[in-house]
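Colleague: Before I ask anything, let me first share the structure, which is written out below as structure tokens.
2 protein chains.
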Amino acid sequence: MKELKVAYRIACGAQDIEARARALAVEQSIEMPPGAVGDERVRAEVLGAVDAIQPIEGGDFRVTLGLSVPSTGLEGGQLLNMLFGNSSLQPDVILEDFDLPTADAARFGGPAEGLVGLRRRLGVAAGALTCSALKPLGSSSRALADLAARLAAGGIDVIKDDHGLADQAFAPFAERVRAVQGALRREGLNAHYAPTLSGGPISIAAQRRILQDEGVEMALVAPMICGLGTLHELARSRSGLALIAHPAMGGAARIAPPALLGKLFRLCGADATIFPNHGGRFSYAPETCASLAAAARNPWHGLNACLPVPAGGMHPGRVAEMLDFYGGDVMLLIGGALLESPLGVERAARDFVEAVRGGGR
Amino acid sequence: MKELKVAYRIACGAQDIEARARALAVEQSIEMPPGAVGDERVRAEVLGAVDAIQPIEGGDFRVTLGLSVPSTGLEGGQLLNMLFGNSSLQPDVILEDFDLPTADAARFGGPAEGLVGLRRRLGVAAGALTCSALKPLGSSSRALADLAARLAAGGIDVIKDDHGLADQAFAPFAERVRAVQGALRREGLNAHYAPTLSGGPISIAAQRRILQDEGVEMALVAPMICGLGTLHELARSRSGLALIAHPAMGGAARIAPPALLGKLFRLCGADATIFPNHGGRFSYAPETCASLAAAARNPWHGLNACLPVPAGGMHPGRVAEMLDFYGGDVMLLIGGALLESPLGVERAARDFVEAVRGGGR
Chain P
0 MKELKVAYRI
10 ACGAQDIEAR
20 ARALAVEQSI
30 EMPPGAVGDE
40 RVRAEVLGAV
50 DAIQPIEGGD
60 FRVTLGLSVP
70 STGLEGGQLL
80 NMLFGNSSLQ
90 PDVILEDFDL
100 PTADAARFGG
110 PAEGLVGLRR
120 RLGVAAGALT
130 CSALKPLGSS
140 SRALADLAAR
150 LAAGGIDVIK
160 DDHGLADQAF
170 APFAERVRAV
180 QGALRREGLN
190 AHYAPTLSGG
200 PISIAAQRRI
210 LQDEGVEMAL
220 VAPMICGLGT
230 LHELARSRSG
240 LALIAHPAMG
250 GAARIAPPAL
260 LGKLFRLCGA
270 DATIFPNHGG
280 RFSYAPETCA
290 SLAAAARNPW
300 HGLNACLPVP
310 AGGMHPGRVA
320 EMLDFYGGDV
330 MLLIGGALLE
340 SPLGVERAAR
350 DFVEAVRGGG
360 R
Chain B
0 MKELKVAYRI
10 ACGAQDIEAR
20 ARALAVEQSI
30 EMPPGAVGDE
40 RVRAEVLGAV
50 DAIQPIEGGD
60 FRVTLGLSVP
70 STGLEGGQLL
80 NMLFGNSSLQ
90 PDVILEDFDL
100 PTADAARFGG
110 PAEGLVGLRR
120 RLGVAAGALT
130 CSALKPLGSS
140 SRALADLAAR
150 LAAGGIDVIK
160 DDHGLADQAF
170 APFAERVRAV
180 QGALRREGLN
190 AHYAPTLSGG
200 PISIAAQRRI
210 LQDEGVEMAL
220 VAPMICGLGT
230 LHELARSRSG
240 LALIAHPAMG
250 GAARIAPPAL
260 LGKLFRLCGA
270 DATIFPNHGG
280 RFSYAPETCA
290 SLAAAARNPW
300 HGLNACLPVP
310 AGGMHPGRVA
320 EMLDFYGGDV
330 MLLIGGALLE
340 SPLGVERAAR
350 DFVEAVRGGG
360 R
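Taken in order, these protein sequences are the chains called P and B.
So that you can map any letter, position 321 of the first sequence is 320 in numbering that gives the first Met the number 0, and since no number is skipped, the others follow by simple counting.
So that you can map any letter, position 83 of the second sequence is 82 in numbering that gives the first Met the number 0, and since no number is skipped, the others follow by simple counting.
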């Protein structure tokens, strides 16, 4: 019944932890005094249960709740709300992990394309994939299209918008998509373009139509900005778009990155998930990155695997090490380092692609 | 030019702060090595500028950046992305505040109805307003409609869905809205109903049509779950809905609550903003609540004022104190405490309303 299992880390003294855990179970379910619930069915089936309380290192506790799956409405945004909505406002709680029954995971659906579908679209059956980004924000559509052509000529598999490219006057979405996709097609280049979807429901619907008209088959989505429900609906509506999730606003501090960027984004349909690699501009530990990649692509309820995309200040000198770390079911994303190469973008891209194809040697 | 001013608190040693501040300015603008930017205009107009670095208490620094307003595309989600998207993944940074020129604030638009429009709709020209919530999650539409009727009979101004009510099988959105709105209309009650909008673009569009068909004029939106761009688009599209923002997933830890729940939600069109009052189930300090209320309703760029709605474990015994603290331009939201009153919901609601109308005395 209460088969949505959620693990939290709580900073709390031993004498208070039972009450704190019960309060958390109320907050994340019925959000009212249980004694005032008139309907016995609601208390029995919907009120969150404290399944376990375990002391962990540092004097904190791991509390596992059982929540009701029907409370999620089988919808991504509401799932996030049930997992951490109000509790995100309480500073003593970290969301560490969650799981749900296989049948319910299938109802959420996960990645429509996933790792395997992405490989098929890209025509790369094995080995690591490559990705780069159109930058900088502020460039004209034409400049971005030129850059896309050079990266594609270098052999990059996926060329994504920088996550800062939305629908600004510098390079409006419709104009940019036509320019970039046009440049790739005109030159017969194989790269796939993944533009950023942004804004509210009306904007995103309009952007989807533009992608369809232009034959674009991938998109970049930041679920913590445009809504996890938006990702989920795009995945479930068989939009034909392979969906790459971007971690912007994923705030490292209060939700464990493997749970958010790995499992939750995958469950809601991300075909690939970008995350900060260790040793770059961000601070994820190697173990966090390994757990995140595992959460994205290891077998889980029969959902399609989600392609891990480590990124964030990477450079070609790290290719061999990253392939050793992640293995071949990965897409390496290098942006700025290709753009600042003295060899020029196309050559830098080609060297990067060849390093990846050669296993980094 | 770079007139989007953003204040961050950074934990960093004095010897490194200048480099750290420059790195932050790059991360939140062009996100690539500035030296590799070929277009001088982009470096001059789009690359973030470090406007000020000041030491503050605790050995941290306050860094003020100047970012380019056009980078936001004048769109709520993208504004959030520019303020904190990638940096939210870096643990040493807290987003403390932001501001922008008055002309740009007008382009964002702020609340379409705001505090004054809400008062007009509710027919309450002065003094604090009252709000309660339909609970618990798991109830049938009929049970929620009965509860709404009792709260309305008690004189509550706004009856909102509990933020956990989305589109679940217990009480599906369409059925629930018809049941609740029907009950209020049938009994000629004055209360306004604010159902929760949830899900992705297609769902929200369908929910809007249902609200229109049923003559519902208010809605509850959790911008950090369904996307700040969704709130913004609802406000800008003249939907006719007064929009109440819910703080779920607002995560206290990394964005200052007055900046997020006060200013940012207001700028993007929240007519009212719910937040955890001090001394309840959450941990905001009284000063945080006062700053948040000020950010929501004090004059700011000529935007409509946004109505502060302190909540989260409040009870009628606190009415006088809360009115002293917030004054009359406030809506008090009490949920569970009315439901557990031994007097019954309607009487508890009436006592609450009378206490508020009487200034808490």
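Even glycine gets a Cβ: it sits at the ideal position worked out from N, Cα and C.
Answer yes or no: do P135/P and D161/P have a C-beta to C-beta separation smaller than 9 Å?
Modeller: It is a contact, given that the beta carbons lie within the stated cut-off.
Colleague: Quick one: is I333/B buried, meaning 16 or more other Cβ sit within 10 Å of its Cβ, or exposed?
Modeller: When all chains shown are included, I333/B counts as buried.
Colleague: Can you name, in chain order, every residue of its own chain whose Cβ lies under 7 Å from the Cβ of G239/B, other than the five neighbours on each side?
Modeller: The answer, listed in chain order, is E216.
Colleague: For A48/B and S290/B, I'd like the C-alpha separation in whole angstroms.
Modeller: The alpha-carbon atoms of A48/B and S290/B are separated by roughly 27 Å.
Colleague: Check A148/B in the structure and name its three-state DSSP category.
Modeller: Residue state, collapsed to three classes: helix.
Colleague: Comparing the C-beta of L114/B with each C-beta of chain P, is any distance below 9 Å?
Modeller: Judged by the 9 Å Cβ criterion, L114/B is not in contact with chain P.
Colleague: Looking at chain B, which residues of the segment 256-280 of chain P have a Cβ within less than 9 Å of any of its Cβ atoms?
Modeller: Flagged, chain order: P256, F274, P275 and R280.
Colleague: Does any C-beta atom of chain P lie closer than 9 Å to the C-beta of I243/B?
Modeller: I243/B does not count as touching chain P.
Colleague: How is the beta strand (DSSP E) around F169/P delimited, first residue to last?
Modeller: F169/P -> no beta strand (DSSP E), and no H or E assigned at all.
Colleague: Apart from the five residues on each side of it in sequence, which residues of its chain come closer than 6 Å, Cβ to Cβ, to I209/P?
Modeller: Answer for I209/P: A173 and V176, listed in chain order.
Colleague: What residues from the segment 82-111 of chain B come within 7 Å of chain P, judged by C-beta to C-beta, listed N to C?
Modeller: From the segment 82-111 of chain B, only F83, G84, N85, S87, L88, Q89 and P90 have a Cβ closer than 7 Å to chain P.
Colleague: Below 8 Å on the Cβ atoms is my contact criterion, and I expect D166/P with E74/B to pass it. Report the Cβ-Cβ distance as a whole number of Å.
Modeller: The Cβ separation is near 7 Å, so the contact holds.
Colleague: Examine chain B for any beta-carbon lying closer than 9 Å to the beta-carbon of G76/P, and answer yes or no.
Modeller: With 9 Å as the cut-off, G76/P counts as an interface residue toward chain B.
Colleague: Under 9 Å, do I29/P and R19/P count as touching if we go by C-beta distance?
Modeller: No; because the gap between Cβ atoms is not below 9 Å, this pair is not in contact.
Colleague: In angstroms, rounded to a whole number, what distance separates the CA positions of P275/B and L164/P?
Modeller: Their Cα atoms are separated by approximately 34 Å.
Colleague: Report the option in G357/P, G358/P and E339/P whose CA atom is closest to the CA atom of L150/P.
Modeller: Nearest of G357/P, G358/P and E339/P to L150/P, Cα basis: E339/P.
Colleague: Given that a residue counts as buried once 16 or more other Cβ atoms are within 10 Å of its Cβ, and exposed if not, what is Q53/B?
Modeller: Label assigned to Q53/B: exposed.
Colleague: Nearest to R184/B by CA position, among N297/B, A221/B and A144/B, is which residue?
Modeller: Among N297/B, A221/B and A144/B, the Cα nearest to that of R184/B belongs to A144/B.
Colleague: Since A221/B is in the alpha helix (DSSP H), which residue starts that stretch and which ends it?
Modeller: Note, A221/B: premise wrong, no alpha helix (DSSP H); not H, not E.
Colleague: So, is L342/B buried or exposed, given that buried needs 16 or more other C-beta atoms within 10 angstroms?
Modeller: Per the 10 Å Cβ criterion, exposed.
Colleague: Beta strand (DSSP E) containing P285/P: first to last residue?
Modeller: First-last for P285/P: P285 to R296, but that is the alpha helix (DSSP H), not the beta strand (DSSP E).
Colleague: For chain P, is any of its Cβ atoms less than 9 Å away from the one on K159/B?
Modeller: Closer than 9 Å: no.
Colleague: Grouping DSSP H, G and I as helix and E and B as strand, with all else coil, what is R207/P?
Modeller: Three-state DSSP puts R207/P in a helix.
Colleague: With a cut-off of 9 Å, does the C-beta of K1/B fall near any C-beta of chain P?
Modeller: So no, K1/B is outside the interface.
Colleague: In whole angstroms, give me the CA-to-CA distance for A319/P and V355/P.
Modeller: In a straight line, the C-alpha of A319/P is about 8 Å away from that of V355/P.
Colleague: Return the residues of the segment 327-359 of chain B that lie within a Cβ-Cβ distance of less than 7 Å from chain P, sorted by chain order.
Modeller: Listed in sequence order: G334, G335, L338 and E339.
Colleague: If we count the other Cβ atoms within 10 Å of its Cβ and call it buried at 16 or more, is R40/B buried or exposed?
Modeller: R40/B is exposed by the Cβ-count criterion.
Colleague: Please name the residue or residues paired with C130/B in a DSSP beta bridge.
Modeller: The partner list for C130/B (beta bridge, DSSP) reads V157/B and L332/B.
Colleague: Starting from V115/B and walking both ways along the alpha helix (DSSP H), at which residues does that stretch end?
Modeller: It spans G113 to L121 - the alpha helix (DSSP H) in which V115/B sits, taken as one unbroken run.
Colleague: When the Cα of A269/B is compared with those of A111/B, L46/B and G187/B, which residue comes out closest?
Modeller: When each option's Cα is compared against that of A269/B, the closest is A111/B.
Colleague: Going by the beta-carbon positions, is the gap between L263/P and L46/P smaller than 9 Å?
Modeller: For L263/P and L46/P, no; Cβs fall outside 9 Å.
Colleague: Is the shortest distance between the beta-carbon of T229/P and the beta-carbons of chain B less than 9 Å?
Modeller: Closer than 9 Å to some Cβ of chain B, the Cβ of T229/P qualifies, so yes.
Colleague: Could you check where the beta strand (DSSP E) with L82/B kicks off and where it finishes?
Modeller: Taken as a continuous stretch (DSSP letters only), L82/B belongs to no beta strand (DSSP E), being part of the alpha helix (DSSP H) at G75 to F83.
Colleague: Between which residues of its own chain and H300/P is the CB-CB distance below 6 Å, once the five residues before and five after are set aside?
Modeller: Taken in chain order, the residues that qualify are T101 and A104.
Colleague: Keeping to the same chain, check which residues put their C-beta closer than 6 Å to that of E345/B; ignore five residues upstream and five downstream.
Modeller: Excluding positions up to five away in sequence, the list reads R149, A152 and G153.
Colleague: Excluding five sequence neighbours on each side, which residues of the same chain lie with their C-beta closer than 6 Å to the C-beta of F169/P?
Modeller: Same-chain partners within the cutoff: G137.
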